[in-house]
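Enquirer:
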Amino acid sequence: MSDARTTPPVLANKHYDAASVFTPESLLREAKRQKGGADIGVPNVCILDPDGDIVRDLKASGRTRSHPGWVCYHTELHVFEEQGVTFGIVGCAVGTSFAVLVAEELFVSGCRLLISITSAGQILPLGRPPYFILIEKALRDEGTSYHYMPSSEWSVACPTLLDRLAGDCVPNEVPIVRGSTWTTDAPFRETAAAITAMRDKGIHAVEMEAAALYALAAARDKPIVCLAHVTNQMGIIEGDFEKGEANGVLDALSVAHRVAVRLNGDVGQTDSTPKATDGLGSET
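Each number in my numbering comes from the position in the sequence shown (counting from 1) with 69 added on.
(1) Exposed or buried, what is Thr253 when buried is set at 16 or more other beta-carbons lying within 10 Å of its beta-carbon?
(2) Taking just the CA atoms, how far does His136 sit from Val90?
(3) Give the secondary structure of Glu352 by DSSP, where H, G and I count as helix, E and B as strand, and everything else as coil.
(4) Taking Cβ positions, are Pro112 and Phe156 nearer each other than 7 Å?
(5) Tell me the rounded alpha-carbon separation between Val159 and Gly271.
(6) If I follow the unbroken alpha helix (DSSP H) through Lys104, where does it start and stop?
(7) In whole angstroms, give me the CA-to-CA distance for Val169 and Ala266.
(8) Residues in its own chain within less than 6 Å of Ser188 by CB, not counting five upstream and five downstream?
(9) Does the distance from the C-beta atom of His354 to that of Leu195 stay below 7 Å?
(10) Beta carbon of Tyr283, beta carbon of Val79: below 7 Å?
(11) Of the residues Arg247, Val154, Leu193, which one's Cα is nearest the Cα of Arg327?
(12) Rounding to the nearest angstrom, what Cα-Cα distance links Asp108 and Gly138 in this structure?
(13) Grab me the residues of Arg331's own chain with a C-beta within less than 8 Å of its C-beta, minus the 5 sequence neighbours each way, in chain order.
(14) Using the Cα positions of Ser130 and Cys161, report the straight-line distance between them to the nearest angstrom.
(15) Measure the CB-CB distance between Gln152 and Gln302 and report whether it falls below 7 Å.
(16) For the beta strand (DSSP E) containing Arg234, name the first residue and the last one.
(17) Spatial neighbours of Lys104 within its chain, please: CB distance less than 8 Å, with the 5 preceding and 5 following residues excluded, ordered by chain position.
(18) How should Gly236 be labelled, buried or exposed, when 16 other C-beta atoms within 10 angstroms of its C-beta is the threshold for buried?
(19) Given a cut-off of 7 Å on the beta-carbon distance, is the pair Val124 and Leu182 in contact?
(20) Output yes or no for whether 7 Å exceeds the beta carbon distance between Arg268 and Leu203.
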């Protein structure tokens, strides 16, 4: 039996103010050497699409091009236009560790605003699924966030970004509600007791990335907005996991465009990042 006084490894020896020996810059440097990638920055606004539905739809409709400078070993970066805004998008980066790995690489490659749109299960109803939650805070029931920030219950969104996204929806916009989520590493361990505990905390949905992404945002001073696309009640009803028209892609793109238009002019770019381009080699 383990000693109850022993600090779990995920909380030990973190040294939050110390620099990492292994960095995204060094990883991408060597990947670029091996793969011969072009020296081109990624688009200013990038999307994480953990489900991959947005990427698959864009590719099927011929709306995307592969980014010639993206040399990540694990993913592909696609570039597309939506109502005059150029986006980069990475699909299927599921879970906190994968999402944060890709996010770190995007920011050192020139990303100025990262939007995560992940599917989520309903805990406390804010409407009838599907709908979108702008995540204000996420419960840290995962491991990755503890490598970026000391132990606490919540990871919170940047208040300045939330303020910039305030305002009433116009009638033709996809509604977005604000709320909190439970970020878990183990979706198939969402027990009845755990769900009840999350309801008691006033949590609205469960997902797999937001707590770590917001911890990264706070630790690195990077602009990240996380949205939960509430699509299901965790399979407890028949006909669950439906995202709506066109598998929810049209609504997701509308939400991403809305966030980008409101925030893209208000997020800075540091001197350490590559020159901003449209993601295909043309300077912006």
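C-beta: ideal position from N, C-alpha, C; glycine also.
Expert: Looking at the coordinates:
(1) buried
(2) 28 Å
(3) Reliability fails at Glu352, whose pLDDT of 43 lies under 50, so the model's placement of it is uncertain and no value is given.
(4) yes
(5) 31 Å
(6) 93 to 104
(7) 27 Å
(8) Asp120, His298, Thr300
(9) Given that the chain is displayed from residue 70 to residue 353, the structure contains no residue 354 and the question cannot be resolved.
(10) no
(11) Val154
(12) 6 Å
(13) Arg233, Leu234
(14) 18 Å
(15) no
(16) Note on identity: in this sequence residue 234 is Leu, with Arg being the wrong assignment. Taken as a continuous stretch (DSSP letters only), Leu234 belongs to no beta strand (DSSP E), as it is neither H nor E.
(17) Val140
(18) exposed
(19) no
(20) no
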